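**Q**
Numbering (this note's numbering), first residue to last: 167 to 883.
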């Protein structure tokens, strides 16, 4: 039996319920499941459930279980340490309305450093169930000797004869037990805590009162506890009141300070490593604390008046980690985890791992790409996902499978999802909705030294909200018009030109000027095209834009009507490298023929003068292109891009040229676009622009483009 417990929090933990339901549906949990669901409202099918389980019965369930999946509460952790059972913790987060704050995320990081397994996504649960025998040293909960010595020096027992100890159950109670060396020296002690089997047994010989629970956002219980505080304080008259935290402490410490003039000491939990708890902040703002003790240097830097007492043990990173498990199979399903970033090198490795997986003799029904640890990816990452899909489909065909192997993405975070949506890959890949509630560690990304502006985050979220609402979506379109990068998550580390607002203003101005000339020239060009050949005046073709985002590029038609059907009969001169040696790897990635028979007489003139490209000013105005950028490839060309080929010292891939928005002109244009005879030259021009980009460089290229148009031998065809 697998035991799942969410504790007694008054908040739902529906995310965990969804994860368990998904694993049951996928056949990754084959044992009986018992769930103590607390306040959760979405429950899996075919499981045994109970809202609350008494402590004695709960211990029996742990003894009977083969593994335990629990929320990351201090009480749950301490209780599970008493049993020789494999367990994993799932931290609650305020993001999904599972807790009042993100303390459990902090606690999870602290426990991970001590070797405790923490699941931040359903894939972590899968790895845990598969690798359930991971060895780990037990946690230690020793006496807090240094803190006891400090308290003895500051509040000696000869001066303080009456002490009130206030804490909740679980970890806060254990924390108070760790101060036994100090509080045992004070003869008259009174306890305030929650009534559980553990607290009753431990305090059987102590003077104890039971507080009302739950306390978070529960006004009736706050009032009851305040009434209890007044009665206990009036009766006991403690000189010193000490608390190890939790919301239950607030009414007792406030009453002790302002009604009975006691000394008040608040000891923050060891697991608070970044900021104070809400109860500590409340008491501090009310100036109810005579002494605030913290266990983290980060917190004492935020609150200099606090006293920092280090913990007894230094954390050493023992993370065997679930992160170290990259590929795991479960029955007829295989799960492959992606790294934190998918850039050039990581994209190559992902493609190679996936290729080897598809070459294995074992046949799989489903392949899951777990992206719970992936924060960012660029065009090479997009290319890796596309390559994985192509490799899988080719493998299915070669093996003669009647049913195609399913390819599913799990735990896609907001940054990566914004890329998938922009490129329409969210319609090609199935993204499992039950896995969208992964909870990443709260660390900074080394690749993003500049933290996103909070205002840009607000605008991005506002855009995402408005775009799906009728009528109001017009506001979103206006926002996109002035700043197309608004559709991308602000924390995504894209090329600086993508988010350059001055570049966008230059594009809008240039597009309006260009469209003015296009309007003047449209009628004579249209008449000339129509007089020579049948067909439309304008030609629209699907091209790959930023990160392979699809868009329709506009041109004046310069070829015969059925040009695309005749393309295979025309020799591609790019199939030969610069030295004339055939190079099949280039074939199809870039098409060019200086004497293409499909080009009409009018079309040859339009191409020579670059007038055929004037309608692209509309693409610039709509934000799909820029005045200056890289050459926009067709999807037929992009489909042949390889991740293995390396360019420049940064070992960029062929997909890297898509990190920049395509342009009407660029380095390739001013260098004689039709003199190019190898794909390496195209890559060289595009990556040169990517490396050297600046507004000054853009303005110089605009000037060079205008100059080239009036040169006799401008290299245009």
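Using N, Cα and C, we set each Cβ at its ideal position, and we do this for glycine too.
What you are looking at is a predicted structure, and each value in this text was computed from that prediction instead of being measured.
1) In chain order, what residues of the same chain lie with their CB nearer than 8 angstroms to the CB of residue 482, ignoring the 5 residues before and after it?
2) Helix, strand or coil, according to DSSP, for residue 183 in the structure here?
3) In angstroms with no decimal places, state the Cα-to-Cα distance between residue 598 and residue 837.
4) Check for me: the alpha helix (DSSP H) holding residue 151 runs from which residue to which?
5) Quick one: grab the DSSP three-state call for residue 726.
6) Taking the straight line between their C-alpha atoms, what separation do you get for residue 413 and residue 509?
7) When the Cα of residue 728 is compared with those of 720, 710, 702 and 671, which residue comes out closest?
8) Residue 587 by DSSP, collapsed to three states: which one?
9) Count the other C-beta atoms from every protein chain shown that fall within 10 angstroms of the C-beta of residue 679, then say buried if there are 16 or more, exposed otherwise.
10) Within the continuous beta strand (DSSP E) that includes residue 329, where are the two ends?
11) Going by beta-carbon coordinates alone, are residue 601 and residue 584 separated by less than 9 angstroms?
12) What's the C-alpha gap between residue 265 and residue 434?
13) Residue 635 by DSSP, collapsed to three states: which one?
14) Decide if the region 781–800 is in contact with the region 715–733; the criterion is three or more beta carbon pairs, one per stretch, under 8 angstroms apart.
15) To which residues does DSSP link residue 357 through a beta bridge?
16) With H, G and I counted as helix, E and B as strand and the rest as coil, what does DSSP make of residue 721?
17) Exposed or buried, which one is residue 888 when buried takes at least 16 other CB atoms within 10 Å?
18) Hey, quick one: how far does the beta strand (DSSP E) through residue 237 stretch, first residue to last?
19) With DSSP collapsed to three states, give me the class of residue 684.
20) When you compare each of 230, 642, 579 and 763 to residue 261 by their alpha carbons, which one comes out closest?
21) Can the beta-carbon of residue 118 be found closer than 9 angstroms to that of residue 392?
22) Need the endpoints of the beta strand (DSSP E) that residue 387 sits in, please.
23) Check whether the Cβ atoms of residue 244 and residue 236 sit closer than 9 angstroms, and answer yes or no.
24) For residue 866, count the other beta carbons within 10 Å of its own beta carbon; 16 or more makes it buried, fewer makes it exposed. Which is it?
25) For residue 816, name the three-state secondary structure that DSSP assigns.
26) Excluding sequence positions up to five away, which residues of its chain have a Cβ less than 6 angstroms from the Cβ of residue 268?
27) Can you give me the Cβ contacts of residue 698 inside the same chain, cut-off strictly under 7 angstroms, excluding the 5 residues immediately before and after it?
28) In terms of residue numbering, what span does the alpha helix (DSSP H) encompassing residue 342 cover?
29) Could you tell me the distance, in whole angstroms, from the CA atom of residue 522 to the CA atom of residue 821?
30) Does the contact criterion of 3 or more C-beta pairs under 8 angstroms hold for the region 629–642 versus the region 682–694?
31) Report yes if the CB atom of residue 411 is closer than 9 angstroms to the CB atom of residue 524, and no otherwise.
32) Closest by CA to residue 846, which one among 863, 811, 872 and 826?
33) Could you tell me which residues DSSP pairs with residue 896 in its beta bridges?
34) Measure the C-alpha to C-alpha separation of residue 460 and residue 670 and round it to an integer number of angstroms.
35) Kindly give me the distance between the Cβ atoms of residue 195 and residue 203, rounded to whole angstroms, as I take these residues to be in contact under 8 angstroms.
**A** The structure says:
1) Note that residue 482 scores 42 on pLDDT, short of 50, meaning its location in the model is unreliable and no value can be drawn from it.
2) helix
3) 47 angstroms
4) As displayed, the chain neither begins before 167 nor continues past 883, which places residue 151 out of reach and without an answer.
5) coil
6) 45 angstroms
7) 702
8) helix
9) exposed
10) 328–332
11) no
12) 18 angstroms
13) coil
14) yes
15) 331 and 374
16) strand
17) Residue 888 cannot be examined here, being either before or after the span of the chain that is shown, 167 to 883.
18) 233–237
19) helix
20) 579
21) Only positions 167 to 883 of the chain appear in this structure, which leaves residue 118 out of reach.
22) From DSSP, residue 387 is part of no beta strand (DSSP E) but of the alpha helix (DSSP H) over 385–402.
23) no
24) exposed
25) coil
26) 259 and 260
27) 766, 767 and 768
28) 337–343
29) 21 angstroms
30) no
31) no
32) 811
33) For the chain, the structure presents residues 167 to 883; residue 896 sits outside this window and is missing.
34) 49 angstroms
35) In fact, because the Cβ distance is near 16 angstroms, the residues do not count as touching under 8 angstroms.
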